[in-house]
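Shown next, in structure tokens, is the structure this report addresses.
Number of protein chains: 2
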Amino acid sequence: MTPYLTLERLFARLRALGDAAGILGWDAQTLMPTGSAEGRAEQLAALRGLSHELLVAPSTADLLLAAGEDALDPWQAANLREMRRAHAHASAVPGDLVEAESKASSVAEMAWREARARSDFALLRPHLEEVLRLAREVGRAKGEALGLAPYDALLDQYDPGLTRARIDPVFDALRAELPDLIRAARERQAREGAPPAVAGAFPVEAQRSVGEALMRTLGFDFARGRLDTSLHPFCGGATGDVRITTRYEAGDFTRSLMGVLHETGHALYEQGRPAAWLSQPVGDARGMTLHESQSLLMEMQACRSPEFMRHLAPVLAGAFGAEGAALTPEVLHRIYTHVAPGFIRVDADECTYPAHILLRYDLERAMVDGDLAVADLPGAFDAQVKALLGLDVPDDARGCLQDIHWPGGAFGYFPTYTLGAIAAAQLFEAATAAVPEIRPGLAEGDFAPLLAWLRANVHAKGSSLGTDEIMEGATGRPLGIDSYRAHLRRRYLGEGVAA
Amino acid sequence: MTPYLTLERLFARLRALGDAAGILGWDAQTLMPTGSAEGRAEQLAALRGLSHELLVAPSTADLLLAAGEDALDPWQAANLREMRRAHAHASAVPGDLVEAESKASSVAEMAWREARARSDFALLRPHLEEVLRLAREVGRAKGEALGLAPYDALLDQYDPGLTRARIDPVFDALRAELPDLIRAARERQAREGAPPAVAGAFPVEAQRSVGEALMRTLGFDFARGRLDTSLHPFCGGATGDVRITTRYEAGDFTRSLMGVLHETGHALYEQGRPAAWLSQPVGDARGMTLHESQSLLMEMQACRSPEFMRHLAPVLAGAFGAEGAALTPEVLHRIYTHVAPGFIRVDADECTYPAHILLRYDLERAMVDGDLAVADLPGAFDAQVKALLGLDVPDDARGCLQDIHWPGGAFGYFPTYTLGAIAAAQLFEAATAAVPEIRPGLAEGDFAPLLAWLRANVHAKGSSLGTDEIMEGATGRPLGIDSYRAHLRRRYLGEGVAA
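Going down the list, the protein sequences come from chains A and B.
Just so you know, we're using my numbering here: the first sequence kicks off at 7 and counts up by one.
Just so you know, we're using my numbering here: the second sequence kicks off at 7 and counts up by one.
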């Protein structure tokens, strides 16, 4: 067997171990008995530890070197590149640093729960300092191995190829106009009055049925996935077994429903990965920017469109009776595009959401660079909220303590949320321009034209290309802010829309 | 670190991998989407393959040898013995034989489903011949390594230390009197008339509530386990996360309910394993005879007793209203002790069940010895059914095609069912003699005295002792048929019971 084919077998095994961990992680969030957490942690640690050992074994390094001599077709060559990338990340960091980071972030996450509950930053501070110290060390180690600056090396973990130099011009442009956009959108909506409050009896079982029906409408394959309930919604599971979750409120279906459509976007990407390469790194989704682009394309571009509201209204009327029938397409659209600056990122509307990301990007970059001390984080956070959203943060629970990412060691993740929103707008614009059936299809519950375009132009590419290459192939240009800006101005300011 | 302590770390890792496989196996039977079977098979194969590699690695053999020089306390010494046992089983069989057996049994199981559905033994025959050929090869290889005859080596896989020489006298005694016992029991019950048929509206949700309530009554800890639904009931999951399943029929709760109590008996054994040794082989349940003794002690000894029916009747009346109220303790006891010879093992009552095992033991032993060809299995099977149960098998689906065990390669498993029933009677007799509160407790839904005795005398022993040593410690003598015989004669012939 050639070195390359030996590597394919090794990575297929790593995929199987990763998939096993994916199902176990899903189970832990959905069904696991309360007393089983410690045992589950042992199981996941064993799977991760063995995977790491297999990946960084000297024999793997030898094979990765030797495989360069094999005659490879383009997908195999891309696969080898992705194998090397995984190996470089894994072997760049010494085992004791990996372990120290894992333990420190576990401890910090526990402290964070307490700190957030009491809104007491002092409880988190020493733990966050330790997590940051180790994250910077990881960034330096990976940066050296990959030839990247430390923060770029951290970005690269979540989105291969993403760099500060790539992000800055995009985010700078956004930062320059976002406050004005939000102000203008709010003034426009103030003239229309607030949308009616949604409060009524929306039985959880009916909500679940609506969710599953709409997942089918979008193209989710229930023979290879599930919808379940968890405290924090996510898309997880395994290759060929994609499991999304939501959380229901019996008095208000709107958040849960849009959450299901968001996670379905993630799931469709996973279900659409290239069939011939599912067990290999090149068969993976490309990175978190494109992943988030798929969830946000479904949620923000397709399912908050006026067209989709025409499909949604009768579905809700059928499921919820009179309470549902009051929700006309126009009312639904107003509910789902209402702009209201707030403190909490995960509750933010489409228009104000990027502000939450811009400020976190700024702050985490400064922390990794050593320009912002953890002790100064609350003040810096609140100042940015004031500048971008015009709000005075009343306490740290509604400020810098609201997210788990930093205590969990995930520096370099936040920017992909807004880069995903930007990519979603660009992809949706290109798709609807190329396929005229897509927009009318949304009103009829026919997502097949949209899904076919996404399958061909994004999902089936796997990781054979970089993010910008995929964007160029799909839209004719690399990721940029134009489509997103136009989308926001159209939806929230009415620009370019016939009255 | 000493060789012994290094081995403890290795086996803790193997336990974590085995537990991961346990949860994945549970998921496959309960929730997994239909299209995910292939991926799940890959995940389980990766976990098993890696575990096998870790176990048979040359370094493991060296450590097992060197650890004999360490100063060990009795539990550590027993743990080392169990490690060596696991290693001997795993290393006795060459990798390609393991793989061939695994593949052949997968293929044969598929053929078996078809053959059983069509009642066409010819469809299974060549596949069963191949599975048997490989099982005999495994028996020879393990027998050589363990110093055992091939069939004894197969028995040893499921019940360490069990041999044909140990089984034969017990089963011979049973065989000599079982047909007469069944006949006498039937004559006695014929005089009383058949118990009323159970058929009504027993909503699945109410059945589930009753099942969970009774699991709590028996002592099941829901912080470390679950009850779910699957096509074939089982007790599975992981250390500290014991998951049992049942299957509901809305028209008849009786089988599902007793099935839950049976699996709860298995689960209580798992939940009662010695806390300090959960990650180690010595902390395992001892073997399938004792495991089945715990399920059958709960199901047959405790929960089919007249005492328990006094607790059960009001529970059912509360759950099922008028339909439940008709089920007096006396009616329930007649339903749950009704003797009716039939073709299907898993549907058999307590009194006729051993006949199904005696004949399977005879036949599988003969097949492994080469004294019975697969081609002759149907005829031999039917002749034994006639001899032991007085029934003429109408087709192979209700004959030798009914069980998955042989197509699945599980030769040497069947005897543990009836050995378990025998052990259950002996343990229950000893427990009730030692603790007078146990029997009255059953009538009051107070299983604490019984569970405390089982915890101390069986569960907490783990695998520190052999089956007969545990039986002797708990009951004063090794496994024997006396208590079981007395139990059957008391319950089914009224011997030794005050009228």
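All C-beta atoms, glycine included, are put in the ideal place defined by N, C-alpha and C.
Residue i: CB within 7 Å of a non-hydrogen atom of the ligand HEM
i: Gly-348 (chain A); result: Only the bare structure without any ligand can be found here, which leaves the ligand HEM out of the picture.
Test item: CB-CB of residue i and residue j under 8 Å
i: Arg-122 (chain B); j: Leu-407 (chain B); result: yes
i: Leu-397 (chain B); j: Phe-349 (chain B); result: yes
i: Tyr-10 (chain A); j: Leu-86 (chain A); result: yes
i: Ile-188 (chain B); j: Val-399 (chain B); result: no
i: Thr-422 (chain A); j: Thr-295 (chain A); result: yes
i: Ala-437 (chain A); j: Ile-444 (chain A); result: yes
i: Gly-418 (chain A); j: Gln-163 (chain A); result: yes
i: Ala-141 (chain B); j: Ala-98 (chain B); result: no
i: Gly-145 (chain B); j: Leu-160 (chain B); result: yes
i: Glu-329 (chain B); j: Ala-207 (chain B); result: yes
i: Leu-61 (chain A); j: Ala-96 (chain A); result: yes
i: Arg-292 (chain B); j: Thr-473 (chain B); result: yes
i: Leu-318 (chain B); j: Ala-361 (chain B); result: no
i: Ala-219 (chain B); j: Val-321 (chain B); result: yes
i: Gly-278 (chain B); j: Arg-461 (chain B); result: yes
Under the three-state DSSP convention, the category residue i falls into
i: Leu-78 (chain B); result: coil
i: Gly-28 (chain B); result: helix
i: Thr-8 (chain B); result: coil
i: Asp-247 (chain A); result: strand
i: Asp-234 (chain B); result: strand
i: Ala-505 (chain A); result: Because Ala-505 (chain A) sits at a pLDDT of 48, beneath the cut-off of 50, its placement in the model cannot be relied upon, and the point is left open.
i: Gly-242 (chain B); result: strand
i: Thr-252 (chain B); result: strand
i: Ile-487 (chain A); result: coil
i: Glu-356 (chain A); result: coil
i: Ala-191 (chain B); result: helix
i: Leu-333 (chain B); result: coil
i: Ala-449 (chain B); result: helix
i: Tyr-342 (chain A); result: helix
i: Gly-327 (chain A); result: coil
i: Leu-378 (chain B); result: coil
i: His-411 (chain B); result: coil
i: Ser-299 (chain B); result: helix
Contacts of residue i in chain B (Cβ-Cβ under 7 Å)
i: Glu-14 (chain A); result: Result: empty, since nearest Cβ-Cβ is about 14 Å, beyond 7 Å.
i: Ala-547 (chain A); result: This structure gives no information on residue 547 (chain A), because the portion of chain A shown stretches from 7 to 505.
i: Glu-48 (chain A); result: Ala-22
i: Ile-29 (chain A); result: Leu-30 and Asp-33
i: Arg-19 (chain A); result: Ala-52
i: Leu-56 (chain A); result: Leu-56
Cutoff 8 Å: residue i Cβ touching any chain C Cβ
i: Asp-25 (chain B); result: Chain labels in this structure do not include chain C; the protein chains are A and B.
Assigned exposure category for residue i - 16 Cβ within 10 Å defines buried
i: Gly-482 (chain B); result: exposed
i: Ser-469 (chain B); result: buried
i: Met-373 (chain B); result: buried
i: Val-210 (chain B); result: exposed
i: Pro-347 (chain A); result: buried
i: Asp-388 (chain A); result: buried
i: Phe-314 (chain B); result: buried
i: Asp-25 (chain A); result: buried
i: Glu-305 (chain A); result: buried
i: Asp-402 (chain A); result: buried
Interface residues of chain B facing residue i [CB-CB closer than 8 Å]
i: Met-38 (chain A); result: Asp-247
i: Ala-291 (chain A); result: Per Cβ cutoff of 8 Å: no residues; Ala-291 (chain A) is ~16 Å from chain B at best.
Listed by chain order, chain B residues near residue i by CB distance under 9 Å
i: Ser-311 (chain A); result: Correct list: empty, because the minimum Cβ distance to chain B is about 30 Å.
i: Arg-279 (chain A); result: Near Arg-279 (chain A) there are no residues of chain B at all, since even the closest Cβ is about 12 Å away, more than 9 Å.
Where residue i meets chain A, residues with beta-carbon distance less than 7 Å
i: Arg-230 (chain B); result: Pro-39, Gly-41 and Ser-42
i: Gly-45 (chain B); result: Asp-25, Ala-244, Thr-245, Gly-246 and Asp-247
Three-pair Cβ contact test at 8 Å for the stretch 197-209 of chain B versus the stretch 224-239 of chain B
no
Would you check if there are 3 or more beta carbon pairs closer than 8 Å linking the stretch 65-82 of chain B to the stretch 261-279 of chain A?
no
Check whether the stretch 177-188 of chain A touches the stretch 363-382 of chain A, counting contact only when three or more Cβ pairs, one atom from each stretch, lie closer than 8 Å.
yes
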